[in-house]
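Student: Just so you know, the protein sequences line up as chains A and B, in that order.
With the working numbering applied, the first sequence covers 1 to 155.
With the working numbering applied, the second sequence covers 1001 to 1191.
Ideal placement from N, C-alpha and C gives every residue a C-beta, glycine not left out.
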Amino acid sequence: MIRWLFLLLLACGPAWAVNDPADQLPDARLEERARVIGRELRCMVCQNQSIEDSDADLARDLRRIVREQVAAGKSDTAVTDFVHQRYGDFVLLRPPLKLATALLWATPAVALLGGLLLIRGMRRRRAADAAPESAEELSATERARLAKLAGGHNE
Amino acid sequence: MSEAVPSPWRRRSLLLAPVAVAAVAGTGFYAMLRGMGTGTYDPRGVPSALLGKPAPDFSLPALEGAERPALGGTDLRGDRPVLLNFFASWCVPCVIEHPQLMTMMRDGVAVLGIAYKDKPEDSLGFLRRHGNPFAKLGVDQPGRVAIDYGLYGVPETYLVDKGGVVRWRWAGPITPEILAQQITPLLKRFA
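#1: Rounded to the nearest angstrom, what separates M1104 (chain B) and A100 (chain A) at their Cα positions?
#2: Go through the segment 1123-1188 of chain B residue by residue and report every complete run of the beta strand (DSSP E) that reaches 3 residues or more, in order.
#3: Work out the CA separation of R1044 (chain B) and W1170 (chain B) for me, nearest whole Å.
#4: Under 9 Å, do L1076 (chain B) and A1062 (chain B) count as touching if we go by C-beta distance?
#5: Can you tell me which of the three DSSP states A15 (chain A) falls into?
#6: Return the residues of the segment 1103-1128 of chain B that lie within a Cβ-Cβ distance of less than 9 Å from chain A, sorted by chain order.
#7: Closest Cβ-Cβ distance between S1002 (chain B) and chain A: below 9 Å?
#8: Output needed for E155 (chain A): all residues of its chain with C-beta closer than 8 Å, excluding positions within five of it in sequence on either side, in chain order.
#9: Output needed in chain order: residues of the segment 1036-1047 of chain B with a Cβ under 9 Å from some Cβ in chain A.
#10: Touch check for the segment 1096-1103 of chain B and the segment 1175-1182 of chain B: three-plus C-beta pairs under 8 Å?
#11: So who's on the other strand from I51 (chain A), going by DSSP bridges?
#12: Taking the beta strand (DSSP E) that Y1116 (chain B) belongs to, which residues open and close that run?
#13: Indicate whether at least one CB of chain B lies closer than 9 Å to the CB of R86 (chain A).
#14: In whole angstroms, what separates the C-alpha of R86 (chain A) from that of P1018 (chain B)?
#15: Using a Cβ-Cβ cut-off of less than 8 Å, give me the residues of the segment 41-67 of chain A that come near chain B, in sequence order.
#16: Under three-state DSSP, which class holds P1054 (chain B)?
#17: What does A989 (chain B) reach in chain A if we use C-beta pairs closer than 9 Å?
#18: Does the segment 1112-1125 of chain B touch the segment 40-47 of chain A, meaning 3 or more C-beta pairs lie closer than 8 Å?
#19: Should L62 (chain A) and I1147 (chain B) be called a contact, given that it needs their Cβ atoms to be closer than 9 Å?
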């Protein structure tokens, strides 16, 4: 179920709803960094919005924490890790590639491969079913034998 | 070219396939709905990232007037497992679970409380109205300790074993079913 949620979320377009000036960092560069981090973090209350998009209390708290840590000079990964450690993989809108999420990431490839195999199987079966009917088409050896037989008669 | 005639077993399996899919989906839906009915399944539920890890340390002020000591991380480690419950007076499901907390308190379970984003006077009013099941009580008005625990709503309850390791988390109200089917066996297991 969570896998489908993820896929659905990845398809959703952004809508920057939250722009409370009181919560923004005075330094535009740091603020932009904080936004980039925040857009990758899921609001656990709304679940289909990032903390930058959500109006939920918890999202505002997390936005503040992200900004505090960015202002304190923490790296982007350190800030993301802080939230990830507390809320788990689900908080990351882009789930990490590991054993538990391998199927999630592999699903498109698996579906494509499955489709190709299906098509190949169907073609083969059709070819096999059609084989007895296509007796009028001769193989190279058959044609050679026929030519030999026919040639023998003509001479 | 004539149409390929499917073998009899393939024909039969094709007929059975939709029935099988419907049966599996139906069973799944039934289990989900039943779980939602008894409160043992939450479709929005997310497993806690803290399971099997030490409970985050903290130190919270006491709730004035509640006549309970303040709560800190060291209170989670002791000679028995404890339940750490985040609640708020503005939270409706908290009212639903409160009788279960009172039952546990009467049964001698160590229930510790954290008032989450709540005015102290409101928390106090809530506990006066519904009873106070908490042995110790902390006030987390900024909600920062809650974030350390990965809380995403109230009520949430954490079971912390004797060694201070988080063993179980329930996001949502503790129903009598949750108490009987999950908490009671866990308390025995980690006693």
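Tutor: This is what the structure holds:
#1: 36 Å
#2: 1136-1140, 1156-1160 and 1166-1171
#3: 12 Å
#4: no
#5: Because the pLDDT of A15 (chain A) is 47, which lies under 50, any placement of that residue in the model is unreliable, and the number read from its coordinates should be weighed accordingly. Note: A15 (chain A) maps to coil in three-state DSSP.
#6: K1117
#7: Residue confidence for S1002 (chain B) is low, a pLDDT of 48 falling below 50, so the modelled location carries little weight and cannot support an answer.
#8: Caution is warranted here: a pLDDT of 48 is assigned to E155 (chain A), below 50, making its placement in the model unreliable, and no coordinate value can be reported.
#9: P1043, R1044, V1046 and P1047
#10: yes
#11: Paired residue(s): none; I51 (chain A) is not in a bridge.
#12: A1110 to Y1116
#13: yes
#14: 43 Å
#15: M44, V45, Q47, D57, L58, D61, L62 and I65
#16: strand
#17: What is shown of chain B runs 1001 to 1191, which leaves residue 989 (chain B) out entirely.
#18: no
#19: yes
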